[in-house]
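Some notes on the structure that comes next.
Number of protein chains: 6
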Amino acid sequence: MVEWGLFVGRFQPFHNGHLEVIRSVLRTYRPNELIIGIGSAQTSHTLRDPFTAGERFEMIVRALEFERLEHFWVVPIPDVDRHAIWVSHVASLLPPFEEVYSNDPLTRMLFQQAGYKVPELPFFNRGAFEGTEVRRRMAAHEEWRDLVPLSTRTVLDELGAEERIRLLAHRDTKSTGGTHGH
Amino acid sequence: MVEWGLFVGRFQPFHNGHLEVIRSVLRTYRPNELIIGIGSAQTSHTLRDPFTAGERFEMIVRALEFERLEHFWVVPIPDVDRHAIWVSHVASLLPPFEEVYSNDPLTRMLFQQAGYKVPELPFFNRGAFEGTEVRRRMAAHEEWRDLVPLSTRTVLDELGAEERIRLLAHRDTKSTGGTHGH
Amino acid sequence: MVEWGLFVGRFQPFHNGHLEVIRSVLRTYRPNELIIGIGSAQTSHTLRDPFTAGERFEMIVRALEFERLEHFWVVPIPDVDRHAIWVSHVASLLPPFEEVYSNDPLTRMLFQQAGYKVPELPFFNRGAFEGTEVRRRMAAHEEWRDLVPLSTRTVLDELGAEERIRLLAHRDTKSTGGTHGH
Amino acid sequence: MVEWGLFVGRFQPFHNGHLEVIRSVLRTYRPNELIIGIGSAQTSHTLRDPFTAGERFEMIVRALEFERLEHFWVVPIPDVDRHAIWVSHVASLLPPFEEVYSNDPLTRMLFQQAGYKVPELPFFNRGAFEGTEVRRRMAAHEEWRDLVPLSTRTVLDELGAEERIRLLAHRDTKSTGGTHGH
Amino acid sequence: MVEWGLFVGRFQPFHNGHLEVIRSVLRTYRPNELIIGIGSAQTSHTLRDPFTAGERFEMIVRALEFERLEHFWVVPIPDVDRHAIWVSHVASLLPPFEEVYSNDPLTRMLFQQAGYKVPELPFFNRGAFEGTEVRRRMAAHEEWRDLVPLSTRTVLDELGAEERIRLLAHRDTKSTGGTHGH
Amino acid sequence: MVEWGLFVGRFQPFHNGHLEVIRSVLRTYRPNELIIGIGSAQTSHTLRDPFTAGERFEMIVRALEFERLEHFWVVPIPDVDRHAIWVSHVASLLPPFEEVYSNDPLTRMLFQQAGYKVPELPFFNRGAFEGTEVRRRMAAHEEWRDLVPLSTRTVLDELGAEERIRLLAHRDTKSTGGTHGH
Numbered sequence: 440m441v442e443w444g445l446f447v448g449r450f451q452p453f454h455n456g457h458l459e460v461i462r463s464v465l466r467t468y469r470p471n472e473l474i475i476g477i478g479s480a481q482t483s484h485t486l487r488d489p490f491t492a493g494e495r496f497e498m499i500v501r502a503l504e505f506e507r508l509e510h511f512w513v514v515p516i517p518d519v520d521r522h523a524i525w526v527s528h529v530a531s532l533l534p535p536f537e538e539v540y541s542n543d544p545l546t547r548m549l550f551q552q553a554g555y556k557v558p559e560l561p562f563f564n565r566g567a568f569e570g571t572e573v574r575r576r577m578a579a580h581e582e583w584r585d586l587v588p589l590s591t592r593t594v595l596d597e598l599g600a601e602e603r604i605r606l607l608a609h610r611d612t613k614s615t616g617g618t619h620g621h
Numbered sequence: 440m441v442e443w444g445l446f447v448g449r450f451q452p453f454h455n456g457h458l459e460v461i462r463s464v465l466r467t468y469r470p471n472e473l474i475i476g477i478g479s480a481q482t483s484h485t486l487r488d489p490f491t492a493g494e495r496f497e498m499i500v501r502a503l504e505f506e507r508l509e510h511f512w513v514v515p516i517p518d519v520d521r522h523a524i525w526v527s528h529v530a531s532l533l534p535p536f537e538e539v540y541s542n543d544p545l546t547r548m549l550f551q552q553a554g555y556k557v558p559e560l561p562f563f564n565r566g567a568f569e570g571t572e573v574r575r576r577m578a579a580h581e582e583w584r585d586l587v588p589l590s591t592r593t594v595l596d597e598l599g600a601e602e603r604i605r606l607l608a609h610r611d612t613k614s615t616g617g618t619h620g621h
Numbered sequence: 440m441v442e443w444g445l446f447v448g449r450f451q452p453f454h455n456g457h458l459e460v461i462r463s464v465l466r467t468y469r470p471n472e473l474i475i476g477i478g479s480a481q482t483s484h485t486l487r488d489p490f491t492a493g494e495r496f497e498m499i500v501r502a503l504e505f506e507r508l509e510h511f512w513v514v515p516i517p518d519v520d521r522h523a524i525w526v527s528h529v530a531s532l533l534p535p536f537e538e539v540y541s542n543d544p545l546t547r548m549l550f551q552q553a554g555y556k557v558p559e560l561p562f563f564n565r566g567a568f569e570g571t572e573v574r575r576r577m578a579a580h581e582e583w584r585d586l587v588p589l590s591t592r593t594v595l596d597e598l599g600a601e602e603r604i605r606l607l608a609h610r611d612t613k614s615t616g617g618t619h620g621h
Numbered sequence: 440m441v442e443w444g445l446f447v448g449r450f451q452p453f454h455n456g457h458l459e460v461i462r463s464v465l466r467t468y469r470p471n472e473l474i475i476g477i478g479s480a481q482t483s484h485t486l487r488d489p490f491t492a493g494e495r496f497e498m499i500v501r502a503l504e505f506e507r508l509e510h511f512w513v514v515p516i517p518d519v520d521r522h523a524i525w526v527s528h529v530a531s532l533l534p535p536f537e538e539v540y541s542n543d544p545l546t547r548m549l550f551q552q553a554g555y556k557v558p559e560l561p562f563f564n565r566g567a568f569e570g571t572e573v574r575r576r577m578a579a580h581e582e583w584r585d586l587v588p589l590s591t592r593t594v595l596d597e598l599g600a601e602e603r604i605r606l607l608a609h610r611d612t613k614s615t616g617g618t619h620g621h
Numbered sequence: 440m441v442e443w444g445l446f447v448g449r450f451q452p453f454h455n456g457h458l459e460v461i462r463s464v465l466r467t468y469r470p471n472e473l474i475i476g477i478g479s480a481q482t483s484h485t486l487r488d489p490f491t492a493g494e495r496f497e498m499i500v501r502a503l504e505f506e507r508l509e510h511f512w513v514v515p516i517p518d519v520d521r522h523a524i525w526v527s528h529v530a531s532l533l534p535p536f537e538e539v540y541s542n543d544p545l546t547r548m549l550f551q552q553a554g555y556k557v558p559e560l561p562f563f564n565r566g567a568f569e570g571t572e573v574r575r576r577m578a579a580h581e582e583w584r585d586l587v588p589l590s591t592r593t594v595l596d597e598l599g600a601e602e603r604i605r606l607l608a609h610r611d612t613k614s615t616g617g618t619h620g621h
Numbered sequence: 440m441v442e443w444g445l446f447v448g449r450f451q452p453f454h455n456g457h458l459e460v461i462r463s464v465l466r467t468y469r470p471n472e473l474i475i476g477i478g479s480a481q482t483s484h485t486l487r488d489p490f491t492a493g494e495r496f497e498m499i500v501r502a503l504e505f506e507r508l509e510h511f512w513v514v515p516i517p518d519v520d521r522h523a524i525w526v527s528h529v530a531s532l533l534p535p536f537e538e539v540y541s542n543d544p545l546t547r548m549l550f551q552q553a554g555y556k557v558p559e560l561p562f563f564n565r566g567a568f569e570g571t572e573v574r575r576r577m578a579a580h581e582e583w584r585d586l587v588p589l590s591t592r593t594v595l596d597e598l599g600a601e602e603r604i605r606l607l608a609h610r611d612t613k614s615t616g617g618t619h620g621h
């Protein structure tokens with residue numbers, strides 16, 4: 440039996456695909472404690488990564504508490520910008536996890552090379568596209584609410600997510616980049 | 440009523456003083472969710488900070504689950520090495536907390552200057568000394584087990600804490616410092 | 440009355456649009472002291488950011504002293520690569536400014552969220568394009584001198600700006616990227 | 440004749456010794472423009488470096504404007520933590536300075552090795568001690584006001600400098616170090 | 440006569456073009472000791488930079504020892520992300536080299552501005568394209584082995600280079616970028 | 440048989456103790472290739488770490504070439520300031536070494552925990568003291584030359600080592616610390 444398991448995602452934003460994978464992981468692999476690692480925790484206010492780690496933290500807790508899930512932990516994980524030491528960095532921040540759940544091929548490869556168990560996930564490939572799709576719809580004034588849990592809609596509305604993403608999308612179009620000043 | 444409260448400590452290691460403050464905070468200020476921030480998360484393997492954030496994470500979860508406490512979250516918080524932006528850094532990583540609990544005068548001053556509520560804690564001044572005392576006793580081959588919760592003793596023994604701290608203490612005496620090589 | 444005001448730009452290079460906005464800010468908002476923050480101060484020798492902060496510093500001082508402007512300060516501001524703490528970073532480096540002048544939508548949003556006054560600027564949108572246009576013309580051997588103040592032309596010529604930008608443009612075309620080696 | 444000269448200090452806080460050296464530099468070496476570099480700009484809220492770069496910036500401007508000095512520039516310079524590249528770092532942030540004024544032996548050695556003119560200063564050795572003395576007196580409830588210019592006293596009082604330094608001194612005595620948590 | 444010469448490349452992977460340039464440098468400029476600097480040493484596991492510095496180190500040593508070359512040194516050089524201080528950074532890590540050999544226009548410009556001798560190389564422009572071509576062929580299941588020395592083929596096969604590059608190429612296509620999580 | 444072995448030190452400066460350990464390692468453990476890792480490579484111009492990585496690099500090469508040793512490699516290794524990921528950092532920079540030779544207890548513990556062979560060294564404890572002693576004697580105007588190889592004396596004299604160390608020792612006494620400015 441697995442004591443600690445780790446699920447890694449960026450959650451920009453948390454969406455129904457994430458929720459289904461988490462439910463499925465809990466049902467299939469049954470870790471006693473599930474750590475939900477928020478990747479790229481230092482990044483926010485870009486079109487690809489609009490929300491802070493803290494904002495994503497709140498989305499996850501609200502959604503999983505609504506589902507009455509228990510024994511999960513949410514941990515922001517800043518990037519180290521060096522793939523070769525990333526696993527070691529993650530391991531130093533977390534309790535001694537044994538299994539890693541992720542759909543990202545690089546994340547899977549790095550943990551496998553370091554000797555971790557990285558079981559197959561259902562809904563493979565779904566996560567990445569669904570997050571991109573939510574952001575695209577927000578920017579394009581299309582309907583996005585059916586892609587995220589009810590509680591996430593509330594958090595996103597309170598954050599003014601639509602306005603933020605449109606401003607960032609507009610800025611990207613003018614290609615003034617990710618830094619300050621003009 | 441406070442939705443999210445933040446308790447910040449270094450937990451090198453988690454000890455009875457921490458446990459009493461957490462119990463008291465939950466009883467007195469009654470935050471719905473209590474975030475336990477592990478300060479200086481990037482530091483380990485020094486005499487002052489012997490344990491990794493992950494090792495401290497495990498100590499805290501084991502101790503608080505043994506106490507059947509609920510609605511607490513454990514979050515490693517790396518230093519930014521610039522006190523003037525530390526509060527902003529913490530705020531970006533965590534859900535929107537309203538109250539901060541800490542015995543450290545600088546931590547209190549920085550959060551107060553940024554407009555957070557920082558209520559008084561009981562057992563003021565106790566935390567800092569108790570952690571130092573546990574490490575001192577371990578290094579000196581004295582009895583330290585009565586200073587930490589039962590579950591922490593188990594984690595510390597599994598980690599080989601005594602041996603690690605004695606090696607680090609020995610190294611410090613020879614003043615070869617915190618860097619590698621000789 | 441505003442004691443300290445902050446104008447943020449990248450100034451790659453300083454051009455007539457910058458000069459007009461600064462004149463207009465001084466006339467309209469009348470800060471006692473105007474800080475001119477050089478954004479992305481750490482970046483240079485790329486096609487988008489060809490000049491060092493020090494080279495941009497000299498362009499600004501030469502241009503504004505030629506105009507006999509006074510009570511302005513020039514301050515290089517390195518990026519922190521985390522938008523969520525950028526305002527806090529800027530505030531720690533500068534005297535207690537009250538108003539921020541910028542055309543960049545993200546810069547405006549971040550300062551507004553942090554509670555600063557961010558009044559509307561005239562010539563909105565002009566800054567970003569004019570800098571890009573100067574660099575494009577230099578790379579394409581077209582006439583760029585009418586886009587920048589007289590004193591900036593002198594500084595750019597002394598720096599060998601045309602040659603530098605053409606080399607960087609050539610390098611980008613071969614997509615060998617922003618790092619060293621081949 | 441020197442176009443740009445550079446005076447480097449930490450200014451924790453700005454005091455009469457700094458003012459006298461700056462007056463003397465202007466009289467003796469007569470640079471057209473004097474850059475006043477605030478060293479260790481990223482550091483604040485420690486006993487040795489209590490004030491942010493921005494707070495020090497304000498002290499310097501207030502004092503020198505009171506003296507009706509002109510053609511000086513104030514620039515925060517963050518450390519790079521590598522002495523061997525520090526001169527190169529400073530040079531990239533500033534206009535092309537030719538002379539460096541400093542009482543710090545290492546600063547002098549590094550600039551000399553890099554080929555800069557580093558003329559002798561009057562009041563040698565005074566700067567370092569006077570800053571330490573101001574902080575010591577503040578911590579010890581002794582009279583410190585005669586050591587700093589009149590305008591600096593006002594800034595320090597507005598900042599609550601005495602209270603801040605006493606809190607930091609108290610914290611240091613308990614040796615809980617420079618990081619957060621307890 | 441040149442005592443120490445420096446050849447800078449990224450070596451992703453080491454290929455026949457590198458080998459020919461090194462042979463030619465040794466024959467033409469005859470440095471007593473040749474330092475082979477591995478640029479962007481911190482980067483790996485991306486499509487453009489698939490191999491760690493250590494993996495590239497091994498490729499170079501194997502190839503040059505097979506050629507019975509002597510008096511060469513292999514040194515990983517991490518980026519500093521600031522072109523303006525890069526030369527100073529390299530100089531602090533290496534013995535006092537006098538000549539720099541590189542095909543990269545920016546590398547050449549930066550060392551020339553700092554006063555180093557940067558002689559012309561034969562096979563100009565070849566290096567950059569050959570590395571890109573090896574990676575492209577690997578990703579496209581085309582034959583790449585004739586582009587690299589025999590010993591490099593062995594190292595690449597032992598590393599599972601084809602599989603790694605295909606995984607990274609696949610990931611890039613889905614544009615999930617260079618960070619972790621999905 | 441060991442293909443790659445790693446010997447880690449700080450070499451401030453290279454001394455007779457280092458030379459004896461290297462000779463003994465080559466004789467006893469017989470690695471085919473010996474990597475000599477220069478620890479704390481980023482540090483220089485402090486009393487404890489007076490020499491740049493490049494200066495130490497030259498000392499090592501001169502001494503070992505004088506001894507006609509072969510198949511050794513010298514590699515500067517910057518600190519990562521996080522002991523928990525240091526081994527992973529070193530491994531990413533170097534060919535796949537199997538054995539580690541070091542007298543530093545922490546270095547030994549970290550590599551052992553990561554599964555490396557770390558055999559016992561002769562002259563245990565000697566290295567650390569001899570480096571400190573050379574620096575102490577230089578600062579105190581005592582005779583230090585018998586503690587280092589002949590070739591190292593030459594390098595140290597060319598660097599003006601005595602003068603540098605005395606300046607740094609004098610600066611430390613005045614406790615103006617490791618940062619710039621006064």
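Sequence lines, in order, name chains A, B, C, D, E and F. The first sequence begins at 440 in this note's numbering and counts up by one. The second sequence begins at 440 in this note's numbering and counts up by one. The third sequence begins at 440 in this note's numbering and counts up by one. The fourth sequence begins at 440 in this note's numbering and counts up by one. The fifth sequence begins at 440 in this note's numbering and counts up by one. The sixth sequence begins at 440 in this note's numbering and counts up by one. Virtual Cβ for every residue (Gly too), placed ideally from N, Cα, C.
Not one beta carbon of chain C lies nearer than 7 Å to the beta carbon of H457(A).
Distance from the CA atom of F511(B) to the CA atom of P515(A), rounded to whole angstroms, is 15 Å. The three-state reading of DSSP puts F505(D) in helix, counting H, G and I together. In the structure shown, the three-state DSSP call for G554(C) is coil. For Q481(D), a Cβ of chain B is located within less than 7 Å of the residue's own Cβ. For P534(F), a Cβ of chain E is located within less than 7 Å of the residue's own Cβ. Counting along the chain, no alpha helix (DSSP H) covers L533(C), and no H or E run does either. Counting only Cβ-Cβ distances below 7 Å, I524(B) has contacts in chain C at I524, S527, H528, S531, in chain order. A direct Cα-Cα distance of roughly 16 Å separates H484(D) from D596(D). Per the coordinates, the alpha-carbon of Q552(E) lies some 24 Å from the alpha-carbon of R547(D). Within the DSSP bridge table, the entry for W583(F) names no partner. In the structure shown, the three-state DSSP call for L560(D) is coil.
In the DSSP annotation of this structure, the continuous segment of the alpha helix (DSSP H) that includes G456(C) starts and ends at 455-467. Three or more beta-carbon pairs separated by less than 8 Å link the segment 574-587 of chain A to the segment 598-611 of chain A, which places the two stretches in contact. Within 10 angstroms of the beta-carbon of M440(E) lie fewer than 16 other beta-carbons, which makes it exposed.
Residues of chain E whose Cβ lies closer than 7 Å to the Cβ of W583(F) do not exist, since the nearest Cβ in that chain is about 22 Å away. Take the alpha-carbon of E601(A) and the one of E497(A): they are about 17 Å apart. Taking a beta-carbon distance threshold of 7 Å, R521(C) does not count as an interface residue toward chain E.
By the C-beta criterion, the segment 460-469 of chain D is judged not to be in contact with the segment 524-535 of chain B, since fewer than 3 inter-stretch pairs fall below 8 Å. Taking 7 Å as the CB threshold, L465(F) stays off the interface with chain B.
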